[in-house]
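A.B. asks: Just add 1452 to wherever you are in the sequence shown, counting from 1, and you've got the numbering used here.
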Amino acid sequence: MLKKQEKEIVFNKELVIPERTELFESIEDDITEKADPYEMAKNQIDIVAEKMGLDDNITKYLKKVERSLIVSIPVMMDNGNLEIFEGYRVHHSTLRGPGKGGIRFAPNVDLNEVKALATWMTWKCSLLNLPLGGAKGGVCVDPKKLSRNELEKLTRRYTAEILNFIGPDIDIPAPDVNTNPQIMAWIMDTYSMHKGRAVPGVVTGKPIEIGGSVGRETATGMGLFYTLEALCNKLNFNLKNSRVVIQGFGNVGGSIAEILYNKGAKIIAISDITGGLYHKDGLNIEDLLKWRDKNCYLKDFNNSIYKFISNEDLLTIKCDILIPAAIENQINQLNADYISCKIVLEGANGPTTPKADEILNQNGIIVVPDILANAGGVCVSYFEYIQDIHSYFWSIDRINKELQKILVKAFEDVYKLSKERNFTFRTAAYVIAISRLAKAYELRGIFP
Ligand code: NAD
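1) According to DSSP, is ARG1609 part of a helix, a strand, or is it coil?
2) Mind checking which residues open and close the beta strand (DSSP E) that includes PRO1526?
3) Which value, in whole angstroms, describes the spacing of the CA atoms of SER1581 and PHE1753?
4) Would you mind working out which of VAL1527, ARG1548, PHE1701 and THR1679 sits nearest PHE1877, comparing C-alpha positions?
5) Are there 16 or more other CB atoms within 10 angstroms of the CB of ARG1873, so buried, or fewer, so exposed?
6) Alpha carbon to alpha carbon, how far is PRO1625 from ILE1618? Give it in angstroms, no decimals.
7) What are the complete beta strand (DSSP E) segments, minimum 3 residues, inside the region 1808-1885?
8) Which residues mark the beginning and the end of the alpha helix (DSSP H) in which PHE1677 is found?
9) Return the CA-CA distance between GLY1586 and HIS1543, expressed in angstroms with no decimal places.
10) Would the region 1860-1868 count as touching the region 1838-1850 if we require 3 or more Cβ pairs under 8 angstroms?
11) Check SER1723 in the structure and name its three-state DSSP category.
12) Buried or exposed: PHE1899, going by 16 or more other Cβ atoms within 10 Å of its Cβ?
13) Can you determine whether any heavy atom of the ligand NAD sits closer than 7 angstroms to the C-beta of PHE1701, and answer yes or no?
14) Taking the straight line between their C-alpha atoms, what separation do you get for VAL1591 and ARG1668?
15) DSSP three-state call for TYR1758: helix, strand or coil?
16) Determine the contact status of GLU1613 and GLY1539, defining contact as a CB-CB distance below 8 angstroms.
17) Could you tell me the boundaries of the beta strand (DSSP E) in which VAL1591 lies?
18) Are three or more beta carbon pairs between the region 1694-1714 and the region 1758-1778 nearer than 8 angstroms?
19) Consult DSSP for ILE1779 and reduce its assignment to one of helix, strand or coil.
20) Under 8 angstroms by Cβ, that's how I've got LYS1515 and THR1879 pegged, so tell me the actual separation to the nearest angstrom.
21) Can you check which of these residues, TYR1610, ASP1623, ASN1714 and LYS1692, is closest to GLY1551 by C-alpha distance?
22) Under 7 angstroms: does the beta carbon of ALA1709 sit that close to some heavy atom of the ligand NAD?
23) Starting from SER1644, follow the beta strand (DSSP E) in both directions and report where the run begins and ends.
24) Cβ of PHE1557 within 8 angstroms of Cβ of PRO1595?
25) I want to know whether the region 1647-1660 touches the region 1718-1730 - three or more CB-CB distances under 8 angstroms.
26) Look at the alpha carbon of ALA1825 and the alpha carbon of ASN1533, and state the distance between them as a whole number of angstroms.
27) Going by the CB atoms, is the gap between GLY1734 and LYS1751 shorter than 8 angstroms?
28) Between HIS1731 and ILE1757, what straight-line distance do the alpha-carbon atoms span, to the nearest angstrom?
29) Candidates GLY1802, LEU1895 and ILE1818: which alpha carbon is nearest VAL1566's?
30) Please check the pair GLN1496 and TYR1882, which I expect to be a contact at CB under 8 angstroms, by giving their CB distance rounded to whole angstroms.
31) What are the boundary residues of the beta strand (DSSP E) that includes ILE1698?
32) Could you check what DSSP says for ALA1800 in three-state terms: helix, strand or coil?
33) Within the same chain, show all residues whose beta-carbon is closer than 7 angstroms to that of TYR1713, passing over the 5 residues directly before and after it, in chain order.
34) For the ligand NAD, is there any heavy atom lying closer than 7 angstroms to the beta carbon of GLY1553?
35) Rounded to a whole number of angstroms, what is the C-alpha to C-alpha distance between GLN1785 and GLU1810?
36) Looking at the ligand NAD, does it come within less than 7 angstroms of ALA1568, judged from the CB to the closest heavy atom?
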């Protein structure tokens, strides 16, 4: 590991790139933690349960998912070969309402990842006080390798396989990594064909033309912004000209990049799965968004002014605000001590491991946890769901006002508790969310 003094010298440079080989010495336990997000999610419950003196029975209950479905998805590929993909849908908790959570298509999806993501959805819905539980789904596939026809067949067959597991009163999926409004439209259509009537409320994140909500596509980015703005007001910190680094340039990373860029912040680095671009004076996000929307990767962006960097190096760039908005476990024990920012705003779900969280806290870095920071997506998904059920649609002004109201309230609750009890924001957010679930558990009791 680099010595503290060496680290400070490195951090004084514009671009901080610690020696990776030194970082990887003797930290095996975090690699185990990295490998299993569900272990990490359960570990987070234990940490909070101890701090809040949670009843052992409730802790035991919340550490299990209610039900998991594993399905095989046969798809006849364009070349005439049959491929069979594995898919999952998990309900972590329906204590406070029907399940809610996205569907992810990615090559590394497995049951434990989906269980972890479903668990985090439970906390998120509870923290926002939405009448929803936590669920998640995924298919182990690299969708970039499929034709449009294959992708549609995969989506429709996956929907058919989980048909009895989802529904407006049961569990309402939404987009997540590598899934989008078109995929939600295929899910809605497949479900509706089986029911013999249009059921728009079965899924959120749909195109507006078939019952989607205005503001859903940018909701997670807007939510990140409202939460960050509320925090900056407390800190007397001006976002204009602040230096921002973002990992991930998809729905979440792209939206928050665009919002902050338009507010005058400098996005000094941003990455996709192929790596990132860096410039000390800030990147032109409009140009990069146009490039991304042509289905192009950042590694191929031709610009001699920007420096191309790896995702690992991007995370340790000195900045004011670091926004991990790609996948889980990105800030871990291997790199946490080298993170050099004032605020980590978690756009992704589970981007920081519990051990890394401790290190960030010790280093005085404020972490706005995923279940608060990125909750704008589920919040507007909830608005979409109630609009569908009532067949009455809201304006973008109403969506953004209601979103801001709910998120600022959640932020204020977390802020107040963190000050009163000297908790980190993550602990405070978990305590609030889990307390509501504990109350629901107590009121409903255990059947039979
Ligand atoms: P997306 O598919 O639109 O974008 C993901 C981005 O991350 C892409 O730029 C991709 O290239 C990059 N990426 C993927 N794997 C990577 C890796 N190994 N290293 C670095 N970059 C990688 O997905 P999204 O919807 O933006 O979701 C991103 C994260 O935000 C996920 O953790 C998701 O669960 C979470 N989230 C999404 C929403 C939503 O509304 N979409 C809401 C809340 C949380």
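Backbone N, C-alpha and C fix where the C-beta goes; we use that ideal spot for every residue, glycine too.
Bear in mind the structure is a predicted one, so any value in this text is a computation, not a measurement.
C.D. replies: Short version:
1) helix
2) 1519-1528
3) Before going further, note that residue 1581 is Asn rather than Ser in the sequence given. So the two alpha carbons sit approximately 42 angstroms from each other.
4) THR1679
5) exposed
6) 8 angstroms
7) 1818-1820
8) 1671-1687
9) 6 angstroms
10) no
11) strand
12) exposed
13) yes
14) 23 angstroms
15) coil
16) yes
17) 1586-1592
18) yes
19) coil
20) At roughly 17 angstroms, the Cβ-Cβ gap does not stay under 8 angstroms, so LYS1515 and THR1879 are not in contact.
21) ASP1623
22) no
23) No beta strand (DSSP E) holds SER1644; the alpha helix (DSSP H) holding it covers 1633-1647.
24) yes
25) no
26) 43 angstroms
27) no
28) 7 angstroms
29) GLY1802
30) 7 angstroms
31) 1695-1699
32) coil
33) ILE1719 and ILE1737
34) no
35) 9 angstroms
36) no
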